[in-house]
Amino acid sequence: MKIVFMGTPDFAKESLEAIYNAGYDILAVVTNPDKPKGRGLKMISSPVKEYAVEKKLKIYQPLKIRNNTEFIEELKQLKPDVLCVVAYGKILPKEVLNIPKYGAINVHGSLLPKYRGAAPIQWAVLNGDKTTGITTMFMDEGMDTGDMILKEEVEIGENETTGELWERLSKLGAKLLVSTLEKIDKIDKKENKTLEEIKKEVNAKKQSDDYTLAPMLNKEISKIDFSKSSNEIKNLVRGLNPIMGAYTRLGNKKIKFWKVEAISNEQLEKSFPELKEYEYRLKNIEPGTILFADKKKGLYIKTKDGAIEVLEIQGENSKKMDIKSFLNGNNIHAGEIFE
């Protein structure tokens, strides 16, 4: 079976590697153009391009797809049986989706129809979900609305970050893509079947209308609101790790939190008996107030329903570090208030 693969980040690279190792005929790889990065603005290739270069695969890097007549004609000339699209980053027009004989297959990082959109893995963690998964589907013109082929569910760890879940799901997505291609490969190629007939043969399912969206994240989401619950703040921190980090300010300094633990008032009183005689402090104290900033006890900050214990932190113009290292070099005190 002849394949054109379209993808960009490391999540997609896992799928490209899987279908390459499975022996499929990869006619070409389509990925986003190189981008300048760092102080020197050095041009950086996507993980998918790096792998394609290593394996000497034909590479296309169009700036756009829609109305790109020259590129679309080249795709048609390749005559792929299947398009495999994994986190490519561009909307594909109907003209492209209609090129492959057996359809365009997408690997999506959620259990559709939940979390249609650009950031399904991130939103699953941000919302504190207990489970998520991978769905493979036939692409149509809608945003992740196509008929589903395979699904597999996984549990999300209580302390798992977006980065950790991303890595696990990239491997699961690669496995399901190969399984999906195997299903398509079993179709009788002697008959000139329509796409709808192919969907029936692989038992593809329509999505329900009970869907949720997972839009791209913006920087505004990363500001910590200490008037929220401890678990909500913890989910924000792990949901934005390692993408951008959740931040707050102490005085005029911006500080990022990379790992925190949610602590209830009951847990605080149990761990710190000295707080019992000041119970009113925990109920009435302003959210964002530092309860402890001690090299031995750690850093605890008041929230709506308890506190967060900060475990990994990054000061302004500094690097990530554990909280003890941070407190050794930064003079902050109980009673100070984060924004």
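With positions in the sequence shown counted from 1, the corresponding number in our numbering is that position plus 70.
Heads up, the beta-carbon is just placed ideally off N, CA and C, and yes, glycines get one too.
query                                                                                                                                                   : result
Considering Ala-88, what are the terminal residues of the alpha helix (DSSP H) in which it resides?                                                     : 80–91
How would you write the range of the beta strand (DSSP E) that Arg-319 sits in, first residue to last?                                                  : 316–320
If you follow the alpha helix (DSSP H) that Asn-398 is part of, which residue opens it and which one closes it?                                         : 393–399
Could you say which of Leu-111, Arg-109, Asp-104 and Leu-133 lies nearest to Lys-119 if we only look at CA atoms?                                       : Asp-104
In the DSSP assignment, the beta strand (DSSP E) including Ala-363 goes from what residue to what residue?                                              : 360–364
Per DSSP, which one or two residues make a beta bridge with Gly-376?                                                                                    : Ser-334
Would you decide whether Arg-186 is buried or exposed? Buried here means 16 or more other CB atoms lie within 10 Å of its CB.                           : buried
Buried or exposed: which applies to Val-123, given that a residue is buried once 16 or more other Cβ atoms fall within 10 Å of its Cβ?                  : exposed
Taking Cβ to Cβ, would you say Ser-297 is nearer than 8 Å to Asp-375?                                                                                   : no
When you compare the CB positions of Ala-332 and Ile-383, do they come within less than 8 Å of one another, or not?                                     : no
In the DSSP output, what is Tyr-370 paired with across the bridge?                                                                                      : Phe-362 and Glu-379
Checking the sheet assignment: what are the DSSP bridge partners for Asn-176?                                                                           : Val-155 and Met-207
Residues bridged to Glu-409 by DSSP?                                                                                                                    : DSSP output for Glu-409 lists no bridge partner at all.
Select from Lys-171, Asp-279 and Lys-72 the residue whose C-alpha is nearest the C-alpha of Asp-214.                                                    : Asp-279
Determine, using beta carbons only, whether Ile-191 and Gly-179 come nearer to each other than 8 Å.                                                     : yes
The beta strand (DSSP E) that contains Glu-222, what's its start and end?                                                                               : 218–225
Determine which residues share a DSSP beta bridge with Leu-247 and list them.                                                                           : BP columns for Leu-247 are empty, so no partner.
Where do the N-terminal and C-terminal ends of the alpha helix (DSSP H) with Ala-274 fall, by residue?                                                  : It is not in any alpha helix (DSSP H) - Ala-274 carries neither H nor E in the DSSP assignment.
So, is Glu-84 buried or exposed, given that buried needs 16 or more other C-beta atoms within 10 angstroms?                                             : buried
Who are the near neighbours of Val-100 in its chain, counting only those whose CB is closer than 6 Å to its CB and skipping five residues on each side? : Met-76 and Tyr-130
For the stretch 136–152 against the stretch 105–113, are there 3 or more C-beta pairs whose distance is under 8 Å?                                      : no
Can you tell me which of the three DSSP states Thr-139 falls into?                                                                                      : helix
What distance in whole Å lies between the Cβ atoms of Pro-132 and Leu-97, which are believed to be in contact at a cut-off of 8 Å?                      : Actually they do not touch by this definition, with Cβ atoms about 16 Å apart.
Could you have a look at Lys-200 and say whether DSSP puts it in helix, strand or coil?                                                                 : coil
Judging by CA-CA distance, which residue of Glu-271, Ile-355, Ser-388 and Ile-360 is the nearest neighbour of Lys-324?                                  : Ser-388
Checking 8 Å against the spacing of the C-beta atoms, do Thr-205 and Ile-175 come in under that value?                                                  : no
Since Tyr-94 and Leu-251 should fall inside the 8 Å C-beta cutoff, what is the C-beta to C-beta distance between them, to a whole number of angstroms?  : 7 Å
Can you grab the Cα-Cα spacing for the pair Ile-407 / Arg-136, in whole Å?                                                                              : 50 Å
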